[in-house]
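**Q**
Numbering (the working numbering), first residue to last: 8 to 269.
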């Protein structure tokens, strides 16, 4: 598994660097939207909502929200996208209603997936629009990857005390501390070498928050997968599962950095 993950990283990281720093806005935005669409489909597949058209409502509603984020950053377009997704979900629920309790529960799942999948990851588009945005995107992704790596190796080497066994039985307190150390180390080095955006104490604190949010996102997806009895969200990325499995720890730090810097 580790060898497969490393091989995937060796192939993916150069493509990721090109995409962030050299790709045109059209290509970059298209890739973000494609990743968003795949993650929405993965979420819908995990949910297995019995109502007809639930997958279409999840993916369609989420993409309406994601595409609305391309229009402007004022919030009005995004609000309209959320309202459209909500109306479509409610209408779909009414049209497919058989068992009222199941219909309302299914609508809640569909709407949660549409907002979670359609609103968070596309902040990558907004983040790149900021001055020096490409560097900020890579800062977040590098810090999150370092947090993941620090957690993995810290947990393997020193892990004894379980962090939250009912949600993720393999995560440990020592691994969580290793995650923070990895994010602070890489975030500080990357800031000093490339983006020069934060002061020394500031970048350390920002990196700590990034790591905590990354771990929170990972735990949230673990909780979702346990609720839906799924081992992985998908299979598209060798050694990592699906797009949702790979981006779960990224979405909250991306949103945080966008609003912190912007």
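From the three backbone atoms N, C-alpha and C, an ideal C-beta is built for every residue, glycine too.
Assuming residue 120 and residue 69 are in contact, meaning their beta carbons sit under 8 Å apart, how far apart are those beta carbons, in whole angstroms?
**A** Here residue 120 refers to the residue found at position 113 of the chain shown. Here residue 69 refers to the residue found at position 62 of the chain shown. Confirmed, Cβ separation roughly 7 Å.
**Q** Tell me whether residue 260 sits in a helix, a strand or coil according to DSSP, three-state version.
**A** As a position in the chain shown, residue 260 is number 253, starting the count at 1. Three-state DSSP puts residue 260 in a helix.
**Q** Check whether the Cβ atoms of residue 256 and residue 85 sit closer than 8 Å, and answer yes or no.
**A** Along the chain shown, one-based indexing puts residue 256 at 249. Along the chain shown, one-based indexing puts residue 85 at 78. Going by C-beta atoms, residue 256 is not nearer than 8 Å to residue 85.
**Q** Under DSSP, the alpha helix (DSSP H) around residue 175 begins and ends at which residues?
**A** Position 168 of the chain shown holds residue 175. No alpha helix (DSSP H) holds residue 175; the beta strand (DSSP E) holding it covers 175–179.
**Q** I'd like the list of long-range same chain contacts for residue 99, defined as Cβ closer than 6 Å, with 5 residues on each side in sequence excluded.
**A** In the chain shown, counting from the first residue as 1, residue 99 sits at position 92. So the qualifying residues of the chain are 60 and 64.
**Q** Rounding to the nearest angstrom, what Cα-Cα distance links residue 206 and residue 55 in this structure?
**A** Sequence index remark: in the chain shown, residue 206 carries index 199 (1-based). Sequence index remark: in the chain shown, residue 55 carries index 48 (1-based). Between residue 206 and residue 55, the C-alpha separation is close to 47 Å.
**Q** Quick check: the region 193–201 against the region 128–141, are at least 3 beta-carbon pairs closer than 8 Å?
**A** Cβ pair count under 8 Å is below three, so no.
**Q** Can the beta-carbon of residue 272 be found less than 8 Å from the beta-carbon of residue 260?
**A** Given a span of 8 to 269 for the chain in the structure shown, any question on residue 272 remains unanswerable.
**Q** In whole angstroms, give me the CA-to-CA distance for residue 133 and residue 214.
**A** Counting from 1 along the chain shown, the entry for residue 133 is found at position 126. Counting from 1 along the chain shown, the entry for residue 214 is found at position 207. So the two alpha carbons sit approximately 20 Å from each other.
**Q** Excluding the 5 residues flanking residue 144 on each side, which residues of the same chain have their C-beta closer than 7 Å to its C-beta?
**A** Indexing the chain shown from 1 puts residue 144 at position 137. So the qualifying residues of the chain are 27, 131, 134 and 135.
**Q** Restricting to Cα atoms, I'd like to know which of 250, 172 and 179 is closest to residue 162.
**A** The sequence position of residue 162 within the chain shown is 155, counting from 1. Among 250, 172 and 179, the Cα nearest to that of residue 162 belongs to 179.
**Q** Since I believe residue 39 is in contact with residue 129 (beta carbons under 8 Å), could you give me their beta-carbon distance rounded to a whole number of angstroms?
**A** The sequence position of residue 129 within the chain shown is 122, counting from 1. The sequence position of residue 39 within the chain shown is 32, counting from 1. Their Cβ separation, rounded to whole angstroms, is 6 Å, which keeps residue 129 and residue 39 in contact under 8 Å.
**Q** Counting only the same chain and skipping the five closest in sequence on each side, list residues whose C-beta sits under 6 Å from that of residue 185.
**A** Counting from 1 along the chain shown, the entry for residue 185 is found at position 178. Closer than 6 Å at Cβ, skipping near neighbours: 157, 158 and 161.
**Q** Comparing C-alpha positions only, which one of 187, 75, 171 and 51 sits nearest to residue 229?
**A** Here residue 229 is taken as the residue at index 222 of the chain shown, counted from 1. The candidate whose alpha carbon is nearest that of residue 229 is 171.
**Q** What separation, rounded to the nearest whole angstrom, lies between the Cα atoms of residue 93 and residue 268?
**A** The residue labelled residue 93 in the question sits at position 86 within the chain shown. The residue labelled residue 268 in the question sits at position 261 within the chain shown. Cα-Cα distance, rounded: 30 Å.
**Q** For residue 167, which three-state DSSP category applies?
**A** Stepping through the chain shown from its first residue, residue 167 is reached at position 160. Coil at residue 167, not helix or strand.
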